[in-house]
Amino acid sequence: MLLLHAHGLAAPLHCAFRNGLCYGYNTGRVGDTALVCHPHISKLIAQTLARMHSLKLCKGGRKAVPSLFPTMRKYLSLIPTEFADLAKNERERFMSCIPSKLELEQEVRILEEHLSELGSPVVFCHNDLLVKNIIYQETEDKVIFIDFEYADNNYQALDIGNHFCEFGGVAKFDTSLYPTREFQLSWLRHYLEEWYGLVGRGQVTDDDVQLLYVQVNKFALASCMFWSLWALIQAAHSTIKFDFLQFAVERLDLYNKRKTEFMELEIPQRF
Numbered sequence: 030m031l032l033l034h035a036h037g038l039a040a041p042l043h044c045a046f047r048n049g050l051c052y053g054y055n056t057g058r059v060g061d062t063a064l065v066c067h068p069h070i071s072k073l074i075a076q077t078l079a080r081m082h083s084l085k086l087c088k089g090g091r092k093a094v095p096s097l098f099p100t101m102r103k104y105l106s107l108i109p110t111e112f113a114d115l116a117k118n119e120r121e122r123f124m125s126c127i128p129s130k131l132e133l134e135q136e137v138r139i140l141e142e143h144l145s146e147l148g149s150p151v152v153f154c155h156n157d158l159l160v161k162n163i164i165y166q167e168t169e170d171k172v173i174f175i176d177f178e179y180a181d182n183n184y185q186a187l188d189i190g191n192h193f194c195e196f197g198g199v200a201k202f203d204t205s206l207y208p209t210r211e212f213q214l215s216w217l218r219h220y221l222e223e224w225y226g227l228v229g230r231g232q233v234t235d236d237d238v239q240l241l242y243v244q245v246n247k248f249a250l251a252s253c254m255f256w257s258l259w260a261l262i263q264a265a266h267s268t269i270k271f272d273f274l275q276f277a278v279e280r281l282d283l284y285n286k287r288k289t290e291f292m293e294l295e296i297p298q299r300f
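See the structure below:
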């Protein structure tokens with residue numbers, strides 16, 4: 030957070046403890062679906078995420094390693110084969126709506142084989158850019174991100190794809206709110222123009238935007254699977270009053286609805 034604050038991307042960190050930290054409070058409007066779809070504010074979000082992605086955390090020439098698939102394999106190992114503590118009707122809902130652990134493992138393998146070949150850069154990611162983790166500060170006309178507990182090195186396209194998935198909301202997830210191609214292409218161009226300027230690359234071309242579009246939507250599938258696995262663990266162990274099982278079902282629903290379409294997207298020929 031010290032580095033993020035130094036670059037104007039986070040509130041100041043006041044102190045850290047063994048089991049937590051204390052940092053400043055960000056005033057402003059908390060994000061919602063309408064806010065993140067607004068043309069001007071969505072541009073600010075794209076530019077701010079590009080600035081975060083341009084930060085270099087690895088020193089001494091060390092290569093950044095993406096956390097996505099190691100974390101997914103860890104989550105798979107923690108998912109119980111049955112939910113004995115759930116009420117009978119909840120267990121029946123689990124059995125009818127959630128694939129078996131073996132099927133989930135197979136899906137993760139398919140994703141890893143497919144996505145690892147796309148060449149998405151590994152950057153420092155927020156990894157949880159849901160709409161309420163975005164604050165719009167109107168007086169300064171800027172956005173700032175909060176809640177960095179999942180921040181880590183990861184695939185650039187995953188962070189963006191995850192943000193697009195989160196347009197659907199949390200408590201009441203609506204798969205129809207996943208952004209359109211037209212919205213995405215505009216968003217991605219703003220992102221690339223900012224990112225290219227920060228990392229010293231040339232002009233953004235239509236092919237560059239199309240490449241990122243393909244990568245982002247393919248990695249959106251990984252986002253759906255990642256948070257589904259996370260939610261299944263929470264359903265078994267969390268004491269928070271929230272329907273994590275339904276959360277997992279909804280993310281898997283988006284995954285299944287868009288899997289064929291996104292998997293069949295083709296990289297522009299010049300790449």
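Using our numbering, the first residue of the sequence shown is number 30, and each one after it goes up by one. Just so you know, even glycine gets a beta-carbon here, dropped at the ideal spot from N, CA and C.
Inset, instruction - Go through its chain and collect everything with a Cβ distance to C51's Cβ below 8 Å, but skip five positions before and after it. - result: L42, H43, C44, A45
Inset, instruction - Counting only the same chain and skipping the five closest in sequence on each side, list residues whose C-beta sits under 6 Å from that of G190. - result: V245, F248, A249, S252
Legend entry - Nonlocal neighbours in the same chain, by C-beta distance under 8 Å from A75, ignoring five residues either side: W216, L217, H219, Y220, E223
Legend entry - Three CB pairs or more closer than 8 Å across the stretch 253-263 and the stretch 100-107: yes
Inset, instruction - Tell me, please, which residues DSSP counts as bridged to R58. - result: Y165
Inset, instruction - For chain C, find out if any of its Cβ atoms is closer than 9 Å to the Cβ of L133; answer yes or no. - result: No chain C is present in this structure, which holds just one protein chain.
Legend entry - Which of helix, strand or coil DSSP assigns to F174: strand
Legend entry - Neighbour-count burial assignment, I163, 16 or more Cβ in a 10 Å radius: buried
Legend entry - Same chain, Cβ closer than 8 Å to V199, five either side skipped, listed in chain order: L159, K161, F276
Inset, instruction - Return the chain-ordered list of same chain residues with a C-beta closer than 8 Å to the C-beta of K130, the five sequence neighbours on each side being excluded. - result: L105, I108, T110
Legend entry - Extent of the continuous alpha helix (DSSP H) to which N246 belongs: 235-266
Legend entry - Contact under 9 Å by Cβ, L147 with A186: yes
Inset, instruction - Let me know the secondary structure DSSP gives L107 once reduced to three states. - result: helix
Inset, instruction - Use the C-beta contact count for T168: other C-beta atoms within 10 angstroms, 16 or more gives buried, fewer gives exposed. - result: exposed
Inset, instruction - Helix, strand or coil for N182, going by three-state DSSP, please let me know. - result: strand
Inset, instruction - Apply the 10 Å Cβ neighbour rule to E290 and answer buried if 16 or more other Cβ atoms are within range, or exposed otherwise. - result: exposed
Legend entry - Cβ-Cβ distance between V172 and I70 below 9 Å: yes
Inset, instruction - Can you have a look at A39 and say buried or exposed, based on whether 16 or more other CB atoms are within 10 angstroms of its CB? - result: buried
Legend entry - DSSP-derived helix/strand/coil call for A200: coil
Inset, instruction - Sort G197, Y184, T209 by Cα distance to P95 and report the nearest one. - result: Y184
Legend entry - Beta carbon of F174 nearer than 9 Å to that of M81: yes
Legend entry - Buried or exposed (CB count within 10 angstroms, at least 16 for buried), S257: buried
Inset, instruction - Taking 9 Å as the cut-off, decide whether the C-beta atoms of T62 and F196 are in contact. - result: yes
Inset, instruction - Would you decide whether S205 is buried or exposed? Buried here means 16 or more other CB atoms lie within 10 Å of its CB. - result: exposed
Inset, instruction - Give the secondary structure of A151 by DSSP, where H, G and I count as helix, E and B as strand, and everything else as coil. - result: It is worth fixing the name first, because residue 151 is Val in this sequence and not Ala. DSSP places V151 in strand when its eight states are reduced to three.
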